[in-house]
Amino acid sequence: MEKQRSFSIKPTRLWLFSFTISFSLIFFIFFSIWVLNLPLYSRQETHFQFNSTTAAAAASVSLGLRSPFKIQSLTGFHRNYSATQIKNSILVSTHFSRVENESQVSNFSTFEEILDKGSQPQSVVYDINIEKNSTFFGNRSTKSETVSSKGLEIDSTNISIPIWNQQQQNVSITLSNKEEASSDVLKVVNKKECDISKGKWVFDESYPLYTNASCPYIDEGFSCETNGRLDKNYMKWRWQPQDCDIPRFNATQMLELIRGKRLVFAGDSINRNQWESMLCLLMGAIKDPRKVYETRGRRITKEKGNYCFKFVDYQCTVEYYVTHFLVHEGKARIGSKRVQTLRIDTMDKGSSRWRGADILVFNTAHWWNHHKTKAGKNYYQERNQVHPRLDVSTAFEKALTTWASWIDRHVNPSKTQVFFRSSAPSHFSGGQWNTGGHCREASQPIPETYRGEYPEKNIIVEQITGKMKTPVTFLNITGLSDYRIDGHPSIYGRKLGSSSRVQDCSHWCLPGVPDTWNEILYMHLEIKRRKSLPN
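If you use the working numbering, the sequence shown closes out at 904, no skipped numbers anywhere.
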């Protein structure tokens with residue numbers, strides 16, 4: 370007979386088998402606990418849709434209100450919410466539906482970046498008013514939490530708002546708690562990016578932000594009120610973009626933005642116009658005017674082209690350096706004569722002064738319209754060659770390319786923020802500045818139906834800056850300024866009794882249009898500051 374086999378397990382194998390089973394059970398338990406504790410969503414997303422009767426609800430998102438609001442947090446199980454349960458509340462990551470044929474519209478004020486307006490921090494309030502018989506169908510919420518708007522920032526890093534349609538409005542927001550007062554702001558971004566150049570001028574009695582009496586830095590050419598202009602309405606227009614708001618200039622906050630820094634304007638006399646506006650705006654936050662001074666004791670005049678004003682309490686400087694073309698104006702010999710030329714392949718000699726600035730604001734356009742520049746005959750020079758004739762657009766492009774190369778070589782993008790302001794329009798009628806052109810009769814902005822031609826020079830600037838290694842923000846002020854035929858000095862660019870009959874329809878009265886350019890500049894600087902804040 371065959372010997373029967375016995376079944377036995379060695380102790381070592383038994384120990385290994387037991388260890389494997391135990392380890393697997395422990396791993397499974399810990400994995401289950403980890404899965405159960407995961408957040409439901411990697412980011413919070415809010416979907417607003419409304420289900421209402423013919424007396425349908427209107428929802429609005431607004432700034433400036435100061436009452437606290439509620440946020441329904443997202444944990445727990447499915448349940449339905451009646452309108453009475455969540456009145457004046459926000460449901461985060463909650464979906465609302467509305468009847469498709471509803472006649473009412475839910476209105477959202479959408480912003481590229483909504484920043485603090487004025488000196489007081491703004492609170493944020495969502496106010497949702499719904500009929501009592503409406504029902505919100507919410508998901509995953511069992512507890513509510515009241516959060517004061519103070520110290521709450523709704524960050525725009527992951528924000529998008531699709532264009533409203535008949536079915537739904539989707540909003541995605543990220544909430545983060547900030548202790549600083551200046552964070553009390555709602556930033557909601559329209560999926561269609563806000564174009565600041567599209568909008569209208571709104572008459573606003575709260576403007577201007579300074580006066581000729583309060584600012585000692587307005588030179589004679591821009592001081593229209595001092596020179597006898599009696600109407601004041603040109604000071605009281607505020608630019609209102611159609612899809613967003615420009616924050617009101619906050620002098621204290623702007624000075625904080627440039628604390629310990631150099632803000633440099635480099636360009637022609639239109640840039641000096643903007644620079645003087647910036648000085649006047651900043652003086653609104655200065656208690657002791659003696660703590661603001663020109664470092665070389667210079668008084669602002671048309672004759673001197675370089676200025677550096679120091680704000681002692683903020684250890685910052687606001688500087689201006691004249692350069693008509695950004696490239697070098699020189700001379701060359703043609704035959705037996707030495708003639709003026711424009712070296713479109715060489716930077717302006719004063720460019721060394723711009724280096725090391727923290728904020729650079731450039732422009733050039735005004736002088737490219739002069740007769741000699743436009744004619745281009747024996748004027749443009751590259752290396753040792755003077756072009757017998759060169760088209761002004763080609764010369765402008767070559768000059769801007771020279772400037773762009775200089776920026777890419779000498780500017781550190783991690784330290785310096787670069788801006789290029791677009792061309793500012795002139796409004797001469799019946800001739801040019803030296804042939805009897807005038808704009809005296811204008812006392813109101815041009816109607817909104819007016820559409821000026823977009824300058825070719827702006828297109829060239831945008832093309833060149835778009836190819837640069839260094840990021841450059843294009844401040845497009847051409848269109849909005851084109852409406853403001855009333856904003857020029859005209860006959861008030863000189864003191865009463867002056868014998869000159871030349872009218873200035875190129876520069877701008879202060880207070881006036883350049884203040885808006887600086888509000889746009891301030892907005893961009895504030896946007897960058899907020900983006901740099903930790904989440």
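Cβ coordinates follow ideal geometry from the N, Cα and C atoms, glycine included. All of these numbers come straight from a predicted model, not from anything done at the bench.
query                                                                                                                             : result
Validate contact between the region 608 to 628 and the region 678 to 692 using beta carbons, cut 8 Å, 3 pairs                     : yes
Exposed unless 16 or more other CB atoms sit within 10 angstroms - verdict on residue 661                                         : buried
Cβ shell of residue 696 (< 8 Å), same chain only, five flanking positions each side left out                                      : 711, 712, 713, 714, 715, 716, 717, 768, 771, 772
Residue 649: first and last residue of the uninterrupted alpha helix (DSSP H) it sits in                                          : 638 to 651
As assigned by DSSP and simplified to three states, the class of residue 612                                                      : coil
7 Å CB neighbourhood of residue 608 in its chain, flanking five on each side removed                                              : 568, 570, 615, 849, 885
Expected contact under 8 Å - CB spacing of residue 889 and residue 639 to nearest Å                                               : The Cβ separation is near 15 Å, so there is no contact.
Helix, strand or coil at residue 682 [DSSP, three-state]                                                                          : helix
Identity of the residue in 755, 796, 576 nearest residue 853 by Cα                                                                : 796
Continuous alpha helix (DSSP H) assignments of at least 4 residues falling wholly in the region 754 to 830                        : 761 to 779
Straight-line gap, residue 730 to residue 901 (C-alpha atoms, nearest Å)                                                          : 21 Å
The region 749 to 769 / the region 836 to 849 touching (three or more Cβ pairs under 8 Å)                                         : no
Delimiting residues of the beta strand (DSSP E) encompassing residue 714                                                          : 706 to 716
Euclidean distance between Cα positions of residue 876 and residue 604                                                            : 15 Å
Among 792, 680, 859, 681, the one whose alpha carbon lies nearest that of residue 806                                             : 859
Cβ contact (3+ pairs, closer than 8 Å) linking the region 658 to 675 and the region 699 to 710                                    : no
Status (buried if at least 16 other CB within 10 Å, exposed otherwise) for residue 594                                            : buried
Alpha-carbon spacing of residue 794 relative to residue 784, whole angstroms                                                      : 32 Å
Cutoff 6 Å; reference residue 775; Cβ partners in own chain excluding five residues on either side                                : 716
Minimum C-alpha distance to residue 581 - residue among 745, 663, 653                                                             : 653
Pairwise C-alpha distance: residue 597 and residue 622                                                                            : 33 Å
Residues bridged to residue 700 [DSSP beta-bridge criterion]                                                                      : 709
Status (buried if at least 16 other CB within 10 Å, exposed otherwise) for residue 577                                            : buried
Buried versus exposed, by CB contacts within 10 Å (16 or more), residue 744                                                       : exposed
Buried versus exposed, by CB contacts within 10 Å (16 or more), residue 833                                                       : buried
Local conformation of residue 694 per DSSP, three classes                                                                         : coil
Residue 728, enclosing beta strand (DSSP E) - first and last residue                                                              : 728 to 731
Beta-carbon contacts of residue 573 that lie in its chain and below 8 Å, excluding the five residues immediately before and after : 605, 606, 607
Nearest residue (CA-CA) to residue 647, options 664, 680, 665                                                                     : 680
Residue 888 (DSSP reduced to helix, strand or coil)                                                                               : helix
Environment of residue 470 [buried if 16+ CB atoms lie within 10 Å]                                                               : Any reading at residue 470 is ruled out, since the residue's pLDDT is 39, under 50, leaving its predicted position unreliable.
Straight-line gap, residue 726 to residue 590 (C-alpha atoms, nearest Å)                                                          : 28 Å
Proximity below 7 Å, CB of residue 584 to CB of residue 649                                                                       : yes
Distance, residue 840 Cα to residue 728 Cα                                                                                        : 12 Å
Minimum C-alpha distance to residue 777 - residue among 857, 836, 760                                                             : 836
Length of the line joining the Cα atoms of residue 810 and residue 600                                                            : 12 Å
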